[in-house]
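The block underneath contains the structure these notes are about, expressed in structure tokens.
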Amino acid sequence: MAASATATTPAAAPRTGNVTPRLVSEIAAVVGSDNLLDSREEALVYECDGYVVEKSVPDVVVFPTSTEQVAEIVRLCNRHDVPFVPRGAGTSLAGGTLTVGGGLMICLTRMKRILEVSLRDRYAVVEAGVVNVWLTRSLAGTGFHYAPDPSSQGACTIGGNIATNSGGPHTLKYGVTVNHIKAATLVMPDGTIVETGGIAEDDPGYDLTGLIVGNEGTFGIVTKAVVNLTRDPESGRTFLGVFDSVDAATETVSGIIAAGIVPAALEMLDNPMIRAVEQAFRFGFPVEAGAVLIIEVDGLEAGLDREARAISEIVQSRGGKVEKSIVWRTRKEPEYVAIWKSRKSAFGAIGRLSPTYCTQDGVVPRTKLPHILRFITEVGQRHGLRIANVFHAGDGNIHPILLFDERDPEQVKRVFLASHEILDECINVGGSVTGEHGIGVEKMEFMPKLFSPEDLAAMVALRSTFNPENRCNPFKMLPGGAGCVEKKSPRRPAPA
């Protein structure tokens, strides 16, 4: 949710599209008329992504099918002085694909080929529009998978994951997207096509691929990537830790990590979330519990029972109990699939509780989880809002879900204020305002609270090196859109 409800939000920027019939005709000549939407009624579908509070209808939506087409479209936008925004599946939760002030949207969902798979060298080459889970499904039976698994992996694209450096439940052990990208093909904002990284390990020179991952489309448009493939674990254990209170569950998270155990996944759901998920999927979550942890360990069979016993002892020492223990050899076993379907579809289950919701994405040190969950409860009570929680507890990456009705301006205002307070508190305890959703248009005003003016100036300079005209995905990430930096000292003390 945006940090301010004032009229100065980027979506209120004047229209600067400059899209003319001539430009539309030239783009149609590149991609074909079937790959272009130029009526407002059709483009209305693309007025926002998963961040529904701010909306801006693109002037034109175009669906290229190759890197060369993307490059030619970008060159045409430059020739006509038209801003352009890349978009994948639209699952972004920070307004990263909003066409602020109008312009062209370049939608990459028709670039969906898996071009190459090399099990011997453990990589795959994919186009940006490949849906995350498609790659792992295509690898079924090979003994390998693609490790990054955002909760939206059934819809989100690998190109979008690269843009925001997406995480997911299993990143605690396996790492976020940047840890799995070996190389990228980037269409620069002037239409130049560049290749970064390579198939070989430790490619010499500057790590431009690492720099590109997480740029939110402000450096250019990633159209293709070489990704790492991860060997499937030999076996695993997945179980529920059931607790009477959120405090006990969050303290258990710190206890597990402090014991030197790194689970494959460590996810938490509070009572409102448990009830919504159980009503939707009937997995068998205990609806009277204050909180549950989904705890998973995987690896060599020989050590798993020992790790599972150690975790069980930690759970019990915090007043919890272990239920629904699943022993698995593959991730296709029915009960395993059911528990993770419930977790990864949790946001969809919220539709049973509220017509609209806003998912936040703060990060705090694990030891601060009890504090931030208590703070979120207080904020909800103070603003008269229901807030449910489901999040990557092992990473300290919180996802409070604020329930409201966007048709009621008063509720929208209260959600803005509550979100602002939650993210401010994440900064106050030594955390950050995003773990995987990105800054987009939603959180730009928090950047001066995290970074000094000098830091932000360096970021502006870096973006200007790639995107000197700021024509590629403008008004995103950095305060002022075009590089204006509010002179504030960062407020990010070290955790106590």
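Residue 36 is where the sequence shown starts when you use the numbering used here, and the numbers rise one by one after that. Each residue gets a CB set at the ideal place from its N, CA and C atoms; glycine is no exception.
For residue i, count neighbouring Cβ atoms within 10 angstroms of its own Cβ and tell me buried if that reaches 16, exposed if not.
| i | result |
| --- | --- |
| residue 417 | exposed |
| residue 178 | exposed |
| residue 229 | exposed |
| residue 435 | buried |
| residue 118 | buried |
| residue 154 | exposed |
| residue 514 | buried |
| residue 181 | buried |
| residue 367 | exposed |
| residue 69 | exposed |
| residue 134 | buried |
| residue 195 | buried |
| residue 241 | exposed |
| residue 122 | buried |
| residue 343 | buried |
| residue 351 | exposed |
| residue 124 | buried |
| residue 413 | exposed |
| residue 80 | exposed |
| residue 298 | buried |
| residue 314 | exposed |
When DSSP labels each residue in this structure, what does residue i get in the three-state scheme?
| i | result |
| --- | --- |
| residue 300 | strand |
| residue 423 | strand |
| residue 474 | coil |
| residue 209 | helix |
| residue 514 | coil |
| residue 191 | coil |
| residue 54 | coil |
| residue 121 | strand |
| residue 501 | helix |
| residue 444 | helix |
| residue 184 | coil |
| residue 338 | helix |
| residue 348 | helix |
| residue 254 | coil |
| residue 273 | strand |
Excluding sequence positions up to five away, which residues of its chain have a Cβ less than 6 Å from the Cβ of residue i?
| i | result |
| --- | --- |
| residue 402 | 289 |
| residue 321 | 277 |
| residue 353 | 283, 286, 287 |
| residue 72 | 78, 96 |
| residue 415 | 422 |
| residue 498 | 253 |
| residue 471 | 201, 202 |
| residue 34 | What is shown of the chain runs 36 to 531, which leaves residue 34 out entirely. |
| residue 152 | 159 |
Does the Cβ-Cβ distance between residue i and residue j come in under 8 Å?
| i | j | result |
| --- | --- | --- |
| residue 207 | residue 300 | yes |
| residue 428 | residue 273 | no |
| residue 384 | residue 311 | yes |
| residue 390 | residue 431 | no |
| residue 275 | residue 329 | yes |
| residue 141 | residue 120 | yes |
| residue 218 | residue 234 | yes |
| residue 506 | residue 113 | yes |
| residue 148 | residue 162 | yes |
| residue 475 | residue 127 | yes |
| residue 304 | residue 373 | no |
| residue 504 | residue 224 | yes |
| residue 144 | residue 183 | no |
| residue 157 | residue 264 | yes |
| residue 129 | residue 477 | yes |
| residue 302 | residue 204 | yes |
| residue 410 | residue 460 | yes |
So residue i and residue j are in contact, right, with Cβ under 8 Å, and what is the actual spacing, rounded?
| i | j | result |
| --- | --- | --- |
| residue 4 | residue 335 | Outside the shown range of the chain, which is 36 to 531, sits residue 4, and nothing can be said about it. |
| residue 164 | residue 192 | 5 Å |
| residue 466 | residue 199 | Not confirmed; about 18 Å, so no contact. |
| residue 258 | residue 220 | 5 Å |
| residue 261 | residue 160 | 5 Å |
| residue 54 | residue 139 | 7 Å |
| residue 93 | residue 137 | 7 Å |
| residue 131 | residue 252 | 7 Å |
| residue 345 | residue 294 | 6 Å |
Could you check whether the Cβ of residue i sits closer than 8 Å to any Cβ belonging to chain C?
| i | result |
| --- | --- |
| residue 222 | Among the protein chains of the structure shown there is no chain C, as only one such chain exists. |
Residues in the same chain with beta-carbon distance under 7 Å from residue i, minus the five sequence neighbours each way, listed in chain order, please.
| i | result |
| --- | --- |
| residue 406 | 464 |
| residue 317 | none |
| residue 104 | 65, 66 |
| residue 362 | 272 |
| residue 115 | 53, 55, 58 |
| residue 245 | 213 |
Excluding the 5 residues preceding and the 5 following residue i in the sequence, name in chain order all residues of the same chain whose CB lies nearer than 8 Å to its CB.
| i | result |
| --- | --- |
| residue 441 | 87, 88, 390, 391, 447 |
| residue 388 | 307, 311, 421, 423, 438 |
| residue 106 | 222, 226, 227, 228 |
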